[in-house]
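Residue numbers (my numbering): 531 to 685.
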């Protein structure tokens, strides 16, 4: 049957977490199901301590993020996220970022984006300016991720 199973895998993978510290406490839950594909192709993250837009780059120019979730069925190497987690976000100033990446027939790009998106996002000029534009920062981030994925040295 190619890339599809003869019957869907209906096992559900559930996660929940919370970040009750700071100005905006939040709790979230995530449920995924593999479905008809032979493997889980989607990925996600829930990051609760990302450097907020508009405060410029901090020493080390990295992003203090905690990976709270990973839906991939194989272990994801979070060293890339850890590498982008070395600056200190000022207490009480953080941004939460949640993302779901659809594998669209393969897990590689979903996992790549899971690992690098917040690092690339928080390096965007429009994220770090005194008048941040999160929408433009996201667009620039997506374009940069496309360039990174297309780079033969990253394969």
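All residues carry an ideal CB built from backbone N, CA and C; glycine is no exception.
Among residues of its own chain, excluding the 5 on either side of residue i, which ones have a beta-carbon nearer than 6 Å to its beta-carbon?
| i | result |
| --- | --- |
| residue 605 | Confidence in residue 605 is poor, its pLDDT being 39 and thus under 50, which makes the residue's placement unreliable; the coordinate value appears in the next sentence. So the list is empty, once near-sequence residues are dropped. |
| residue 598 | Confidence at residue 598 is low in this model, with a pLDDT of 39, below 50, so its placement is unreliable and the value that follows should be read with caution. Here the set comprises 547 and 576. |
| residue 539 | 564 |
| residue 674 | 650 |
Here's the rule: buried if 16 or more other CB atoms are within 10 angstroms of the residue's CB, otherwise exposed. What is residue i?
| i | result |
| --- | --- |
| residue 533 | exposed |
| residue 612 | Confidence in residue 612 is poor, its pLDDT being 42 and thus under 50, which makes the residue's placement too unreliable to answer from. |
By Cβ distance below 7 Å, which residues in the same chain neighbour residue i in space, the five residues on each side in sequence not counted?
| i | result |
| --- | --- |
| residue 631 | 572, 573, 574, 640, 643 and 644 |
Which residues in the same chain as residue i place their Cβ atom closer than 8 Å to its Cβ, once the five residues preceding and following it in sequence are excluded?
| i | result |
| --- | --- |
| residue 548 | 555, 556, 557 and 558 |
Straight-line CA distance for residue i to residue j?
| i | j | result |
| --- | --- | --- |
| residue 666 | residue 636 | 27 Å |
| residue 648 | residue 563 | 25 Å |
| residue 591 | residue 537 | Confidence in residue 591 is poor, its pLDDT being 42 and thus under 50, which makes the residue's placement unreliable; the coordinate value appears in the next sentence. Approximately 47 Å, taken between the alpha carbons. |
| residue 655 | residue 543 | 37 Å |
| residue 657 | residue 676 | 18 Å |
| residue 626 | residue 670 | 19 Å |
| residue 679 | residue 633 | 14 Å |
| residue 545 | residue 683 | 34 Å |
| residue 672 | residue 541 | 31 Å |
| residue 653 | residue 668 | 11 Å |
| residue 646 | residue 551 | 25 Å |
| residue 681 | residue 664 | 25 Å |
Does the distance between the C-beta of residue i and the nearest non-hydrogen atom of the ligand COA fall short of 7 Å?
| i | result |
| --- | --- |
| residue 624 | As for the ligand COA, it is missing from this structure, which has no ligand bound. |
Comparing C-alpha positions only, which one of the options sits nearest to residue i?
| i | options | result |
| --- | --- | --- |
| residue 629 | 541, 553, 537 and 560 | 560 |
| residue 582 | 540, 662 and 680 | 662 |
| residue 566 | 535, 542 and 553 | 535 |
So, does the CB of residue i fall closer than 8 Å to a CB anywhere in chain C?
| i | result |
| --- | --- |
| residue 626 | The structure shown contains no chain C; it holds only a single protein chain. |
Secondary structure, alpha helix (DSSP H): runs of 4+ residues fully inside the segment 616-678
638-651 and 655-658
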